[in-house]
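Engineer:
Protein chains in written order, with this note's numbering: chain P, -13 to 470; chain C, 3 to 428.
1) Starting from the C-beta of residue 175 of chain P, find all residues in its chain whose C-beta is less than 8 Å away, skip the five residues before and the five after it, and write them out in chain order.
2) Expressed to the nearest angstrom, what Euclidean distance is found between the alpha-carbon atoms of residue 30 of chain P and residue 133 of chain P?
3) Taking Cβ positions, are residue 84 of chain P and residue 95 of chain P nearer each other than 8 Å?
4) So residue 56 of chain C and residue 416 of chain C are in contact, right, with Cβ under 8 Å, and what is the actual spacing, rounded?
5) Please tell me whether residue 406 of chain C has its Cβ less than 8 Å away from any Cβ of chain P.
6) Does residue 53 of chain P get closer than 8 Å to chain C when you measure Cβ to Cβ?
7) Checking contacts by CB at 8 Å: is residue 438 of chain P closer than that to chain C?
8) If we ignore side chains and look at the alpha-carbon of each, how far apart do residue 178 of chain P and residue 165 of chain P end up?
9) Which residues of the stretch 261 to 287 of chain C have a Cβ closer than 7 Å to any Cβ of chain P? Give them in chain order.
10) Write down every uninterrupted run of the alpha helix (DSSP H) in the stretch 330 to 398 of chain C whose length is 4 residues or greater and which is fully enclosed by it, in chain order.
11) According to the Cβ coordinates, are residue 67 of chain C and residue 134 of chain C closer than 8 Å?
12) Decide if residue 281 of chain C is buried, meaning its Cβ has at least 16 other Cβ atoms within 10 Å, or exposed.
13) Using 8 Å as the threshold, is the C-beta distance between residue 318 of chain P and residue 245 of chain P below it?
14) Which residue from P:389, P:356 and P:269 puts its Cα closest to that of residue 307 of chain P?
15) Hey, is residue 470 of chain P's beta-carbon within less than 8 Å of any beta-carbon in chain C?
16) State yes or no: is the beta carbon of residue 458 of chain C nearer than 8 Å to at least one beta carbon in chain P?
17) Of all Cβ atoms in chain P, is any one closer than 8 Å to the Cβ of residue 155 of chain C?
18) Ignore the nearest five residues each way along the sequence and tell me which others in residue 331 of chain P's own chain have a CB closer than 6 Å to its CB.
19) Should residue 62 of chain P be flagged as near chain C, meaning a C-beta pair shorter than 8 Å?
20) Quick one: which chain P residues come within Cβ less than 7 Å of residue 369 of chain C?
21) By the DSSP assignment, the alpha helix (DSSP H) with residue 130 of chain P in it spans what residues?
22) Give me the subset of the stretch 326 to 353 of chain C whose CB atoms are less than 9 Å from a CB atom of chain A, sorted by chain position.
23) Identify every residue that forms a DSSP beta bridge with residue 249 of chain C.
24) Buried or exposed: where does residue 218 of chain P fall if 16 or more other Cβ atoms within 10 Å of its Cβ makes it buried?
25) Taking the CB atoms as reference points, tell me whether residue 366 of chain C and residue 313 of chain C lie closer together than 8 Å.
26) Flag residue 396 of chain C as yes if its beta-carbon sits less than 8 Å from any beta-carbon of chain P, otherwise no.
27) How about residue 258 of chain P and residue 195 of chain P: do their beta carbons lie closer than 8 Å?
28) For chain P, is any of its Cβ atoms less than 8 Å away from the one on residue 236 of chain C?
29) By how many angstroms is the C-alpha of residue 264 of chain P removed from the C-alpha of residue 384 of chain P?
30) Using Cβ-Cβ distances below 7 Å, what residues of the stretch 186 to 202 of chain C are close to chain P?
31) Note down, in chain order, every chain P residue with its Cβ under 7 Å from the Cβ of residue 402 of chain C.
32) In chain order, what are the residue ranges of uninterrupted alpha helix (DSSP H) at least 4 long that sit wholly in the stretch 32 to 75 of chain P?
33) At a cut of 8 Å, does the stretch 58 to 69 of chain P reach the stretch 31 to 40 of chain P through at least three beta carbon pairs?
34) Grouping DSSP H, G and I as helix and E and B as strand, with all else coil, what is residue 457 of chain P?
35) Using a Cβ cut-off of 8 Å (strictly closer), state whether residue 146 of chain C contacts chain P.
36) Does the stretch 199 to 216 of chain C come into contact with the stretch 151 to 171 of chain C, if we say contact requires no fewer than three beta-carbon pairs (one atom in each stretch) closer than 8 Å?
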């Protein structure tokens, strides 16, 4: 099937409105939130129903055409980066909320539904959807599912994977399966849903998603504490968690981040070497009691100032400052590289020191903003693209930071994903056997490797390869994989 | 069945002579007797044993505490029991990080005892005494506190497995937040030893809470159980964070128990509100620490004895009355005795049934038909062999059965691991 025929087939499925094929329009979709990688897809399709997704995928399967699913395109690891000579399936038109089921604490949505809409939908009933990535006002549930998104409140409530109860999935051969049971717990069989969530769009496309909704907590208390440096703030974090408290959120920002945030959104943060935002939620009697303990721990760690949010408005202001941190870097640097790494909480101090040393060594500033409770660091490496060589240097420094995370028992990524960006680092964390065994799963779902190829694994494996005359695989022909 | 060459000497060479023993009738799985019980002491030895088994075409059944060997369908064959009993160590426990890494053969009760020294715990509490971590992960066992902490899949953060061909692979890590690579920890959770041997597992931990209250209500009508459950789980001011919400029904009367754990003023406040909510449903009492412990000890076991049939029903939590009604009705028609328990807050119900074989089979078929249609499942967790022979323990499965089989065939193409015990004859 040549390109013209493919366009025609897709138009038959979707109507002329649902197919984008002009080069200048295709450019809109050349990257996701990670802009250092750009690929113009052959075709962009905009289905409006699960049935259309199925027909699109079936066509791709029959013709051996690779495809990539995309939600709102806010991902930070290039997970939705298109493939050349491939189809980009944009799911933003599948945005219906299909069912609200309060008695069972569930809601069923289409993948294009925006994260924050879910909580809005059930707020009047006293419920909410817990995972809250900073991108929640634009990122889609389908994308959250693909990346297993976290957020500031996942320390206590878990990640997307802990809140997805079931999914209807179009497999890469165009067939449809329902995994995870949805409304009923403990469906017999393998935990396919747990393996699917967080697979970065490489195992299929979710077209209906059942989410768990939680009751809004009775009480929420939030404070902001200023410290001399990140070490003292880190001491407070250990003291709080060591005291048996699981805060709803505990976030840290360093001096450079505070400066940037002040310039951008003026939340009125105190001048400090580090700021902690600590939030507790739950039954009022528990929260009140634990909040006192948190204040005491901050004082013991020489907090120079402690502000308790007096009302929802002030709480929102604290969070506005925190959630604006990435974007605000533009006010102190022309360009910056967002890193995402994880260290065991007890190693935070050592790794922060190492980051400071690396920053000095490379002559580039690094701002630190992170989910301190679960050791998820987001160092922002500041550079100037107009200075020759500095972009490469920044990327190299960012790489050294994740190696430091691994050295101390951590992970390459806590929430942004491997995608295209960190494929090359995977062998630092996993052996060839580890990755080959993971790819057995890939082979069960996507034997022809047409579903988001060229992501996660640096050395793609073909499935069911048998000795015999050599045939070049279409994926290999397209230059997407080599060295089988 | 063709007789196999069991390379006893070679196995002894791998794990040591004293760790290869002749199997006895006690090692049989649903009547299928293995030849040998092999106890490797390390991951490397496990890998060598599996390589040898694959080479010789031997069927292998991994075993931890042996508390759930009756799960699933009778195996097509078993040559070796691979026991994890010697791999029973805590590899690493970092209290400050609230994580632990353990070997599969470690018993849960030993782990909890050790963790309690630092006021921490693993948030899974299945009732089977002597169960090991590997077995709990493989069977996806859970208990009352799943309402608060979720199940194994929500707490496991890393895994090391040995595949049928001896390949050793890990996934995840020792940090709670981690999205690098596929989450094989979850895939192996509930796989009942059919994808490979679970050698090690890593978990996130939780602090042990200092105080507890249990609110107990005795009811005389099974419909009140669901009413009380809904009243508590959707109470308007969300003043509760329930740790567990359990039920039992013995045919004539029933009990609902709500557990609150936390700091003293919080559990006191929650329990007194819950008591107000539940008072109208029946005779109510609030139990404090010691009385509460004693109550739960006697309350959490499965509602069946050896020789009975035990069912696990997964259904939407709001359908609890219909679940109880469907089992009670079917049991009455079949003339079987019935006893029920369940995690009322999460939609998991257990039914213990005894009576004539044909009646038991009819009950499963009837209840299964109802709940398959409504998106649930009915799994036979225990039954006399004569009943098992007339039933599939797992039921029909869904439209994912083909995918399930493809996953099995990628991980264990020779059907070496526990052949026949899992869903769809896997």
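We treat Cβ as the ideally placed atom computed from N, Cα and C, and that holds for glycine.
None of these values were measured; they are calculated from a predicted model.
Structural biologist: For this structure:
1) None.
2) C-alpha separation (whole angstroms): 21 Å.
3) Using a Cβ distance threshold of 8 Å, residue 84 of chain P and residue 95 of chain P count as a contacting pair.
4) Right, their Cβ atoms sit about 6 Å apart.
5) Yes, residue 406 of chain C lies at the interface with chain P (some Cβ there is under 8 Å from its Cβ).
6) Output row for residue 53 of chain P: interface = no.
7) So, not an interface residue.
8) Straight-line spacing of the CA atoms in residue 178 of chain P and residue 165 of chain P works out to 6 Å.
9) Contact residues of the stretch 261 to 287 of chain C toward chain P are 264, 265, 267, 268, 271 and 272 (C-beta to C-beta distance below 7 Å).
10) Within the stretch 330 to 398 of chain C, the complete alpha helix (DSSP H) runs of at least 4 residues are 359 to 375 and 387 to 390.
11) With a cutoff of 8 Å on beta-carbon distance, residue 67 of chain C and residue 134 of chain C are scored as near each other.
12) So residue 281 of chain C ends up on the exposed side.
13) In terms of Cβ geometry, residue 318 of chain P and residue 245 of chain P form a close pair [threshold 8 Å].
14) The candidate whose alpha carbon is nearest that of residue 307 of chain P is P:356.
15) Any reading at residue 470 of chain P must be qualified, since the residue scores a pLDDT of 32, below 50, and its modelled position is unreliable; the value itself is stated next. Not an interface residue.
16) Because chain C here runs from 3 to 428, residue 458 of chain C falls outside it and cannot be looked at.
17) True, the Cβ-Cβ gap to chain P drops below 8 Å.
18) Short of 6 Å from the beta carbon of residue 331 of chain P, and not among the five residues preceding or following it, lie these beta carbons of its own chain, in chain order: 361.
19) Cβ-Cβ to chain C under 8 Å: no for residue 62 of chain P.
20) Those do not exist, as residue 369 of chain C stays about 13 Å from chain P at its closest Cβ, beyond 7 Å.
21) Looking at the DSSP string, the run of the alpha helix (DSSP H) that includes residue 130 of chain P is 127 to 133.
22) In summary, chain A is missing from the structure at hand, where the protein chains are P and C.
23) Residue 249 of chain C pairs with C:258 and C:344.
24) With a 10 Å radius around the Cβ and a threshold of 16 neighbouring Cβ atoms, residue 218 of chain P comes out buried.
25) Going by C-beta atoms, residue 366 of chain C is nearer than 8 Å to residue 313 of chain C.
26) Chain P, which has a Cβ nearer than 8 Å to the Cβ of residue 396 of chain C, makes this yes.
27) It is not a contact, given that the beta carbons lie outside the stated cut-off.
28) Output row for residue 236 of chain C: interface = yes.
29) Spanning the two alpha carbons is a distance of roughly 27 Å.
30) The residues in question are 186, 188, 189, 191, 192 and 193.
31) Ordered by position in chain P, the residues that pass the 7 Å Cβ test against residue 402 of chain C are 163, 164, 165, 175 and 178.
32) 36 to 49, all fully within the stretch 32 to 75 of chain P.
33) No, the stretch 58 to 69 of chain P is not in contact with the stretch 31 to 40 of chain P.
34) With a pLDDT of 45 at residue 457 of chain P, under the threshold of 50, the predicted position of this residue should be treated as unreliable, and no value is reported.
35) Not closer than 8 Å to any Cβ of chain P, the Cβ of residue 146 of chain C fails to qualify, so no.
36) The stretch 199 to 216 of chain C vs the stretch 151 to 171 of chain C: in contact.
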